[in-house]
Amino acid sequence: MAQEGTDGPTVGVVGTGVGDVAAVLDGDAVTGSVSDVLAADPAWFVAGGESALLELVRAGVDGPVLPVAAGRGVASVSPAEATDAVQSVLAGDAVEATRRMASVRVDGEETAALFDVALVTAEAAQISEYEVLADDRRVARFRADGVVVATPAGSYGYANDVGGPVVEPGTDVGAVVPVAPFVTDADHWVLDLASVSVNVHRDEPVSVVVDDREWKSVTPGETVHLGLGEHLRLFRVPGSDGFAAASGLEKL
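Numbers in this note's numbering are just positions in the sequence shown, counted from 1, shifted up by 484.
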């Protein structure tokens, strides 16, 4: 629901854990569903939680987003820091950063991934066979429950949980990691997102999960193609979580 505005820019507020933000914005906030918020054409956004951020991504949001409790890969602030972070943006103390997304294409259909793309067997405890290619050249072929390709923003999440590296956010590479591989010493790879593809082998369909949602099912012989997608614009404020906190480097 939109509030009576002031002279400031309209700010879209979506998700959870950001209930105090509207008061800080002094009438310039518009809240509600993502579709309602986008209809108000906000200048920028506050996204409370990963799900809210991904809804904005799927809606094709163009303005910068201040992420709250949405993961380290997008330089989130905690809910307790949200109002201070909003005040930093209003005061001009925030800087704009970007995170490269991946495009995902299967048989002419395309979508965007902010965090990761996972190919997993549709049935629990079933092993399939995957072939990873870069520039149409084979990198590896292995048997596993699945494989995940993570963007720099997503390399903190599921891919890291199954043994992959954290990737510096300013790059256009991704982490490619087998999920529960048949062999215990399986490799993982850092590859250019512009040219990664994954082929599915063996007899059973495989689910393609893009970020937090199952996108579609692919059958043996089908290929999932990845490429460089758009950039998501973010606000980064002092104290934002992210790559530097994980690596000991100066914040980006």
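Heads up, the beta-carbon is just placed ideally off N, CA and C, and yes, glycines get one too.
*Excluding five sequence neighbours on each side, which residues of the same chain lie with their C-beta closer than 7 Å to the C-beta of residue 655?*
Residue mapping note: residue 655 aligns to position 171 of the sequence shown, counting from 1. So the qualifying residues of the chain are 636.
*Run of the alpha helix (DSSP H) containing residue 539, from where it starts to where it stops*: Position 55 of the sequence shown, counted from the first residue, corresponds to residue 539. From DSSP, the alpha helix (DSSP H) with residue 539 extends over 534–542.
*Measure the CB-CB distance between residue 513 and residue 497 and report whether it falls below 7 Å.*
In the sequence shown, residue 513 corresponds to position 29, counting from 1. In the sequence shown, residue 497 corresponds to position 13, counting from 1. Against a cut-off of 7 Å, the Cβ pair of residue 497 and residue 513 comes out as a contact.
*Own chain, CB closer than 6 Å to residue 627, minus 5 neighbours either side, in chain order*: By one-based count along the sequence shown, residue 627 stands at place 143. Correct list, in chain order: 611, 613, 666.
*What separation, rounded to the nearest whole angstrom, lies between the Cα atoms of residue 486 and residue 564?*
As a position in the sequence shown, residue 486 is number 2, starting the count at 1. As a position in the sequence shown, residue 564 is number 80, starting the count at 1. Note that residue 486 scores a pLDDT of 45, beneath 50, so its modelled location is shaky and nothing firm can be said.
*Put residue 651 into one of helix, strand or coil per three-state DSSP.*
In the sequence shown, residue 651 corresponds to position 167, counting from 1. Of the three classes helix, strand and coil, the one that applies to residue 651 here is coil, per DSSP.
_Alpha carbon of residue 572 to alpha carbon of residue 723, nearest angstrom_ = By one-based count along the sequence shown, residue 572 stands at place 88. By one-based count along the sequence shown, residue 723 stands at place 239. Cα-Cα distance, rounded: 11 Å.
*Would you identify the three-state DSSP class for residue 522, choosing helix, strand or coil?*
Walking along the sequence shown from the start, residue 522 turns up at place 38. Residue state, collapsed to three classes: helix.
*Kindly confirm or deny that the segment 692–711 and the segment 596–606 touch, where touching means at least three C-beta pairs closer than 8 Å.*
yes
*Compute the Euclidean distance between the alpha carbons of residue 678 and residue 642, then round it to the nearest angstrom.*
In the sequence shown, counting from the first residue as 1, residue 678 sits at position 194. In the sequence shown, counting from the first residue as 1, residue 642 sits at position 158. Their Cα atoms are separated by approximately 21 Å.
*asked:* For residue 698, count the other beta carbons within 10 Å of its own beta carbon; 16 or more makes it buried, fewer makes it exposed. Which is it?
replied: Start at 1 with the first residue of the sequence shown, and residue 698 comes out as number 214. The residue is exposed, with fewer than 16 neighbouring Cβ atoms inside 10 Å.
*Rounded to whole angstroms, how far is the Cβ of residue 633 from the Cβ of residue 680, which I believe are closer than 8 Å?*
The residue you call residue 633 lines up with position 149 of the sequence shown. The residue you call residue 680 lines up with position 196 of the sequence shown. So it is a contact: roughly 6 Å between Cβ atoms.
*Helix or strand or just coil, what does DSSP make of residue 589?*
Here residue 589 corresponds to residue number 105 of the sequence shown, with the count starting at 1. Correct three-state label for residue 589: strand.
*Proximity winner among 554, 682, 511, relative to residue 707 (alpha-carbon distances)*: Working through the sequence shown from its first residue, we reach residue 707 at position 223. With respect to the C-alpha of residue 707, the residue from 554, 682, 511 having the closest C-alpha is 682.
*In the structure shown, what three-state DSSP assignment does residue 728 receive?*
For the purposes of this step, residue 728 is identified with residue 244 of the sequence shown, where counting begins at 1. With a pLDDT of only 44 at residue 728, under 50, the local geometry of the prediction cannot be trusted, and no value is derived from it.
*asked:* If you follow the beta strand (DSSP E) that residue 515 is in, where does it begin and where does it stop?
replied: In the sequence shown, residue 515 corresponds to position 31, counting from 1. Residue 515 -> beta strand (DSSP E) spans 513–515.
_Within a Cβ cutoff of 8 Å, which residues of the same chain sit near residue 715, ignoring the five residues on either side of it in sequence?_
The residue labelled residue 715 in the question sits at position 231 within the sequence shown. Result list for residue 715: 582, 583, 584, 585, in chain order.
*Could you name the residues of the same chain whose beta carbon sits closer than 6 Å to that of residue 500, not counting the 5 residues immediately before and after it, in chain order?*
Residue numbering aside, residue 500 sits at position 16 when the sequence shown is read from its first letter. The answer, listed in chain order, is 532, 533.
*Helix, strand or coil: which one does DSSP assign to residue 636?*
As a working mapping, residue 636 is identified with position 152 in the sequence shown. The three-state reading of DSSP puts residue 636 in coil, since its state is none of H, G, I, E or B.
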